[in-house]
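Participant:
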Amino acid sequence: MIVRPELRADTRVFLERRATGAGLLIDGAWQSAEGGRTFATLDPATGEEIGRIASASAGDVDQAVTAARIAFDGWRTTTPVNRARILWAIADLIEAHVDELAELETLDQGKPLFVARWAEIPGAINQFRFFAGQSMAIEGNTVETSIDYQPAGKQMSAWTVREPVGVVAAIVPWNSPLVLTAMKLAPALAAGCTIVLKPAEDTSLSALRLGELMTQAGLPAGVVNIVTGPGSETGAALAAHPGIDKIAFTGSTQTGRAILDAAKTNFKRVTLELGGKSPAIVLPDADLDLAIPGVANAIFFNAGQVCIAGSRLYVHRSIHDQVIEGVVAYAKELAMGHGLDPATQMGPLVSARQAERVAGFVSGAKSEGATVLTGGDRSGDAGTFVAPTVVVDVRPDMTIVREEVFGPVLVAQPYDDLDEVVAAANDSQYGLASSIWTQSLSSAHRLTGQIRAGSVWINCHAMYDASLPIGGMKASGWGRDSGKQAMDSYLEWKTVCAVI
Ligand code: NAD
Numbered sequence: 000m001i002v003r004p005e006l007r008a009d010t011r012v013f014l015e016r017r018a019t020g021a022g023l024l025i026d027g028a029w030q031s032a033e034g035g036r037t038f039a040t041l042d043p044a045t046g047e048e049i050g051r052i053a054s055a056s057a058g059d060v061d062q063a064v065t066a067a068r069i070a071f072d073g074w075r076t077t078t079p080v081n082r083a084r085i086l087w088a089i090a091d092l093i094e095a096h097v098d099e100l101a102e103l104e105t106l107d108q109g110k111p112l113f114v115a116r117w118a119e120i121p122g123a124i125n126q127f128r129f130f131a132g133q134s135m136a137i138e139g140n141t142v143e144t145s146i147d148y149q150p151a152g153k154q155m156s157a158w159t160v161r162e163p164v165g166v167v168a169a170i171v172p173w174n175s176p177l178v179l180t181a182m183k184l185a186p187a188l189a190a191g192c193t194i195v196l197k198p199a200e201d202t203s204l205s206a207l208r209l210g211e212l213m214t215q216a217g218l219p220a221g222v223v224n225i226v227t228g229p230g231s232e233t234g235a236a237l238a239a240h241p242g243i244d245k246i247a248f249t250g251s252t253q254t255g256r257a258i259l260d261a262a263k264t265n266f267k268r269v270t271l272e273l274g275g276k277s278p279a280i281v282l283p284d285a286d287l288d289l290a291i292p293g294v295a296n297a298i299f300f301n302a303g304q305v306c307i308a309g310s311r312l313y314v315h316r317s318i319h320d321q322v323i324e325g326v327v328a329y330a331k332e333l334a335m336g337h338g339l340d341p342a343t344q345m346g347p348l349v350s351a352r353q354a355e356r357v358a359g360f361v362s363g364a365k366s367e368g369a370t371v372l373t374g375g376d377r378s379g380d381a382g383t384f385v386a387p388t389v390v391v392d393v394r395p396d397m398t399i400v401r402e403e404v405f406g407p408v409l410v411a412q413p414y415d416d417l418d419e420v421v422a423a424a425n426d427s428q429y430g431l432a433s434s435i436w437t438q439s440l441s442s443a444h445r446l447t448g449q450i451r452a453g454s455v456w457i458n459c460h461a462m463y464d465a466s467l468p469i470g471g472m473k474a475s476g477w478g479r480d481s482g483k484q485a486m487d488s489y490l491e492w493k494t495v496c497a498v499i
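Going by numbering that gives the first Met the number 0, the first residue of the sequence shown is number 0, and it counts up by one from there.
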């Protein structure tokens, strides 16, 4: 039986205040969904209900979009320094409440507390700080033209101006809720956009707390609105709404396609951060003291619910057995438990549905002839735990090699030479991330140039920072979050030509 440790007083107060269903933030006020509809949010480790979340209708979404449209003129003309001040104040408030937010995230999502406390919530803080700076660095340019038909005695001047895209629908998934939300909100706010945010239905709590903190930081009413609810209803109504100018989406490749369809009607701008099946490649000269825990952590961190997880492992045949043995030993030692238990190194998956999906991939692989060296089964009070899993004896055409599992499941394959491993690594619909484990600078450079992925890490995996663009090639998406590149996608170009 999994026992949930005692919650902090501030977490309990928040849950009493907000997780009672009055949780839509529209035009600066908290309100219930139309008809008072709510749904339960669960502690994934125990299956216990921890709160009721408002289930927004199309009508609620319309109100939120209207509020964001009305707020747009005021926010876009707020001076950059004042936008920066508010972004920085949001970061300060998240920092002041880091323990509470980390606990909420763990309670709602299941991840070990140290992941939320030391990696993800600080990551969210840095997003707001980085983009506070970016809001004061928006610039167009003057352009020398060759237009030579202006009236005699007159001169042509031309320049470009950056303007905010408008009202943004930010739609985020459940694996790292707050930091992924910050990756959308911070650049959009810095650019002068207003927002309607739709958190994932399984993990809305930290977004609701962020909504409170943003108001406290002085963000004007209507600049960020929050609508909670299921993707099929609330998310779909938001994505299709004609008052939305851009959809900033993070989620599955399948939902990404639905987002593209919804965007067609009024040609919304779209950025898509989608799925991955990222290769980790271990070369024969790798430092195995670094590589073995490194590739294990690349997949087992956050129970593999990481878009950039290193889920396909390619190891040179000469060291294959040694590396696999090391990774299996690492997997067997990981302590599973409630995320709030300080001894826990790996928590549950976010829901019983996700655990069933993950276990289904593993049993499917077995029936296709793969060997499961460790893990693969569901356990725990709510059936949401899946032990760290290592699968070998696979063929490139197997589902477990081709599809994103989004759980703690590593698929390992040997290779003999670099050309072969480059071809295997690129043999995927996805192109999100990759890592190379070697002490050879020239091999690292060669592979970096040949792998089709948005990120390549050398002797590390899943390093991200507010300053570094992250996103994918191929079916892993369009555009980038984080870094200056993210800012770009919330700004339009306007060209001005003047005869003076
Ligand atoms: P999902 O696509 O099911 O849901 C993502 C969000 O979209 C949720 O808020 C959901 O409610 C909403 N949604 C669902 N259907 C919708 C619709 N028809 N219209 C509008 N919104 C809709 O994804 P998930 O299962 O929550 O998250 C896991 C996926 O997210 C994985 O594929 C993972 O790789 C991906 N992901 C990608 C990145 C990245 O940066 N590339 C980061 C994290 C997660």
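For glycine and all other residues, C-beta sits at the position ideal for the given N, C-alpha and C.
Short check: CB of Gly363 to CB of Thr388, under 7 angstroms?
Facilitator: no
Participant: Is the distance from the Cβ of Val420 to the Cβ of Tyr414 below 7 angstroms?
Facilitator: yes
Participant: Please return the same chain residues whose Cβ sits closer than 8 angstroms to the Cβ of Glu99, not counting the five positions on each side in sequence.
Facilitator: Arg7, Asp9, Thr10, Phe13, Arg208
Participant: Restricting to runs no shorter than 3 residues, where is the beta strand (DSSP E) found entirely within the stretch 162-226?
Facilitator: 166-170, 193-197, 223-225
Participant: Which residue comes first and which comes last in the beta strand (DSSP E) that contains Trp492?
Facilitator: Unbroken beta strand (DSSP E) run through Trp492: 490-498.
Participant: With 16 as the cutoff for other CB atoms within 10 Å, does Thr233 come out buried or exposed?
Facilitator: buried
Participant: Have a look at the DSSP bridge pairing and note the partners of Gly430.
Facilitator: Met472
Participant: Given this structure, state the Cα-to-Cα distance separating Gln449 from Ser175, to the nearest angstrom.
Facilitator: Cα-Cα distance, rounded: 30 angstroms.
Participant: On the three-state DSSP scale, how would you describe Tyr329?
Facilitator: helix
Participant: Assign Ala151 to one of two classes, buried (16 or more other C-beta atoms within 10 Å of its C-beta) or exposed (fewer than that).
Facilitator: exposed
Participant: For Ala334, name the three-state secondary structure that DSSP assigns.
Facilitator: coil
Participant: Apart from the five residues just before and just after Ile505, which ones in its own chain have a Cβ nearer than 7 angstroms to its Cβ?
Facilitator: Residue 505 is absent from the model: the chain starts at 0 and stops at 499.
Participant: Compute the Euclidean distance between the alpha carbons of Trp158 and Asp480, then round it to the nearest angstrom.
Facilitator: 27 angstroms
Participant: For the ligand NAD, is there any heavy atom lying closer than 6 angstroms to the beta carbon of Ala187?
Facilitator: no
Participant: Tell me whether the beta-carbon of Pro347 lies closer than 7 angstroms to the beta-carbon of Gly379.
Facilitator: yes
Participant: Less than 8 angstroms between C-beta atoms, sequence neighbours within five positions excluded: which residues of the same chain meet that for Glu104?
Facilitator: Lys110, Ala115, Glu119, Ile120, Pro176, Leu177, Thr202, Leu204, Ser205
Participant: Do Val327 and Leu372 come within 7 angstroms of each other at the CB atom, strictly closer than that value?
Facilitator: yes
Participant: Quick check: does the Cβ of Glu272 come within less than 6 angstroms of any heavy atom belonging to the ligand NAD?
Facilitator: yes
Participant: Is the stretch 263-282 touching the stretch 306-315 in the sense that three or more CB pairs, one from each, lie closer than 8 angstroms?
Facilitator: yes
Participant: Quick one: Cα of Ser310 to Cα of Ser441, how far?
Facilitator: Ser441 has its alpha-carbon roughly 25 angstroms from the corresponding atom of Ser310.
Participant: Looking only at C-alpha atoms, which of Gly221, Asp418, Ala351 sits nearest to Leu41?
Facilitator: Ala351
Participant: The beta strand (DSSP E) spanning His315 covers which residue range?
Facilitator: 311-315 is the extent of the beta strand (DSSP E) around His315.
Participant: Would you list the residues sitting across from Thr159 in a DSSP beta bridge?
Facilitator: Thr494
Participant: Expressed to the nearest angstrom, what Euclidean distance is found between the alpha-carbon atoms of Asp91 and Phe129?
Facilitator: 13 angstroms
Participant: Please determine whether the Cβ atom of Cys192 lies at a distance below 6 angstroms from any heavy atom of the ligand NAD.
Facilitator: No, Cβ of Cys192 sits at least 6 angstroms from all heavy atoms of the ligand NAD.
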